[in-house]
Amino acid sequence: MQPLIREAARIYRIDYELLQGLIAVESAFDPEIVSNKGAIGLMQVLPDTARRFGVDSDRWSSVESKLKNPRMNLQLGSRYLRFLIDLFPGRLDLALASYNAGEGAVQKAGNAIPNFRETQQYVTTVTQLYTLLKPPPPVVVASKPTRNASYGAGFVLTTPREPYALVHSGRGNMVAPIRTGVSSDQSLAVE
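For what it's worth, the numbering used here labels the leading residue of the sequence shown as 182, then goes sequentially.
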């Protein structure tokens, strides 16, 4: 499944980790699941959404059966999510709310997350999973030198997950989480 998710992420310029979080919430990675509202597959795509994006029944298969194909489902769900991300630039929360409740509900709420408990929880859960799965951004060195009793002279670095210390040692510079007490042997060397 991962290669198909990576392919959709690449094609539609969506972070792989965002798709993982969304799929985990939508279907728990079950490609056969059908919701009580008729949403199908990994990304829980509604047949009407598939039709909106050009998928129709033909002699061989219905829209519903096409949506049970993991590749088709991932491509359509990712295409729809990309559409929503572009519709609400810089507002991933609104794109996710739209994926759950429909873009009409978000627009009707004044381009805000609708006051639907399910949608609010959905946005929170997908966002939290995305944050946990996404690799931390490159570390930025703080502008002021500091002295840490545990690590010696260095700089405090910040990432979204936890503060790190850049430690000067005889073996070169090391990065170590401040809170976890990781020794320099377990630290990440920085050249």
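We put the CB at the ideal spot given by N, CA and C, even for glycine.
From a predicted model like this one, the values you see are computed outputs, not experimental measurements.
Looking at Val287: is its Cβ nearer than 7 Å to the Cβ of Leu273?
Reading the sequence shown from its first residue, position 106 is the one you call residue 287. Reading the sequence shown from its first residue, position 92 is the one you call residue 273. The answer is no: Cβ separation not under 7 Å.
If we ignore side chains and look at the alpha-carbon of each, how far apart do Tyr303 and Tyr311 end up?
Translated into positions along the sequence shown, residue 303 becomes position 122. Translated into positions along the sequence shown, residue 311 becomes position 130. Tyr303 and Tyr311: Cα-Cα distance of roughly 12 Å.
Does Ile221 come out as helix, strand or coil in the three-state DSSP assignment?
Residue numbering aside, residue 221 sits at position 40 when the sequence shown is read from its first letter. Looking at Ile221 - three-state DSSP - the assignment turns out to be strand.
What is the residue span of the alpha helix (DSSP H) that Glu299 lies within?
Along the sequence shown, read from residue 1 onward, the residue named residue 299 stands at position 118. Counting along the chain, the alpha helix (DSSP H) containing Glu299 begins and ends at Arg298 to Leu314.
Leaving out five residues before and five after Glu198 in sequence, what residues of the same chain have Cβ atoms less than 6 Å from its Cβ?
Counted from its first residue, the sequence shown places residue 198 at position 17. The answer, listed in chain order, is Tyr311, Leu314 and Lys315.
Leaving out five residues before and five after Leu200 in sequence, what residues of the same chain have Cβ atoms less than 6 Å from its Cβ?
Residue 200 sits at position 19 when you count from the first residue of the sequence shown. Closer than 6 Å at the Cβ level, and outside the excluded window around Leu200, lie Ile186 and Ala190.
Apart from the five residues just before and just after Val236, which ones in its own chain have a Cβ nearer than 7 Å to its Cβ?
On the sequence shown, position 55 is the one that residue 236 refers to. These residues qualify, in order along the chain: Val244, Lys247 and Leu257.
So, are the CB atoms of Gly202 and Val307 less than 7 Å apart?
Position 21 of the sequence shown, counted from the start, is the residue given in the question as residue 202. Position 126 of the sequence shown, counted from the start, is the residue given in the question as residue 307. A contact, by the Cβ cut-off of 7 Å.
Which value, in whole angstroms, describes the spacing of the CA atoms of Ser216 and Ala278?
Counted from its first residue, the sequence shown places residue 216 at position 35. Counted from its first residue, the sequence shown places residue 278 at position 97. One C-alpha to the other measures close to 18 Å.
Beta carbon of Met224 nearer than 7 Å to that of Glu207:
By one-based count along the sequence shown, residue 224 stands at place 43. By one-based count along the sequence shown, residue 207 stands at place 26. Going by C-beta atoms, Met224 is nearer than 7 Å to Glu207.
Anticipated Cβ contact below 8 Å, Gly219 with Pro228, distance rounded:
What you label residue 219 is simply residue 38 of the sequence shown in a count that begins at 1. What you label residue 228 is simply residue 47 of the sequence shown in a count that begins at 1. Going by Cβ atoms, the distance from Gly219 to Pro228 rounds to 6 Å, so yes, they are a contact pair.
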